[in-house]
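Per our numbering, the sequence shown starts with residue 26, numbered consecutively.
Quick notes on the structure that follows.
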Amino acid sequence: MGCGCVSQHQVGIPGGGPRQFLYTATDKEFVRSLDKEELKDKKLLLMYFRLDNEGHFVVTDGFRDLVRRKGVPDRYRWRAWRALTGWSVLSKPGWYERIMRKVPDVKTVEAIEKDLDRTFPGLEDFDDRKKRELAAM
Numbered sequence: 026m027g028c029g030c031v032s033q034h035q036v037g038i039p040g041g042g043p044r045q046f047l048y049t050a051t052d053k054e055f056v057r058s059l060d061k062e063e064l065k066d067k068k069l070l071l072m073y074f075r076l077d078n079e080g081h082f083v084v085t086d087g088f089r090d091l092v093r094r095k096g097v098p099d100r101y102r103w104r105a106w107r108a109l110t111g112w113s114v115l116s117k118p119g120w121y122e123r124i125m126r127k128v129p130d131v132k133t134v135e136a137i138e139k140d141l142d143r144t145f146p147g148l149e150d151f152d153d154r155k156k157r158e159l160a161a162m
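If you want it as C-alpha cells, here you go:
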C-alpha cells in the first residue's frame, strides 16, 4: 500500500481519499487483501494482524504463547523473529560496514581459509569463486 507519505505519493485507500499517515487498515480491509492461499488461515492471520503495532510486535506472554501454539504465518515471520530475538535492540546500522573496513588478524584469516574447504563439501556449485566470495564476507 505504499509508505504512507501522502504529500509525495498520494496513495489511496479502498473507498477513496489519500491515505492518512500511519493509516491502519480495518479487519475487513485486511481480509480483502489476503490471497486465496492465505484465506485458509484467515483466523490466525487476523490474530497477528490485530497484534501488529505499526509494523512491530510487542512481546508479551500471550504473544509467545500464540507463536508456540499456532506458529507464525509467512507474512509475519520476519516481524515475529525480530520481536522475539530482540533484533531491534541488537541491530546497529553501519556496524557491518565498519567491521569490513578493519583488517582481520592473521589467525582469523587462517581459520576462515581452513574452513572454506569443509563448507558444503558435497555441493558442486560451491566452487572456488563461491569460496572466495564467502571468504570476503
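Glycine residues also receive a C-beta, built at the ideal position from the N, C-alpha and C atoms.
Only a predicted model underlies this, so the values are computations on that prediction, with no experimental measurement involved.
So, under 8 Å CB-CB, residue i and residue j are touching, yes? Tell me the CB distance rounded to an integer number of Å.
i, j, result
"D66", "P98", "6 Å"
"F74", "F55", "5 Å"
"L70", "E63", "6 Å"
On the criterion of 16 or more Cβ atoms from any shown chain inside 10 Å, does residue i qualify as buried, or is it exposed?
i, result
"L3", "Residue 3 lies beyond the stretch modelled for the chain, which goes from 26 to 162, so this question has no answer here."
"Y121", "exposed"
"Q45", "Residue confidence for Q45 is low, a pLDDT of 49 falling below 50, so the modelled location carries little weight; the figure read from the coordinates is stated next. Under this definition Q45 is an exposed residue."
Is the segment 98 to 111 close to the segment 121 to 129, with three or more CB pairs under 8 Å?
Verdict: no, contact absent.
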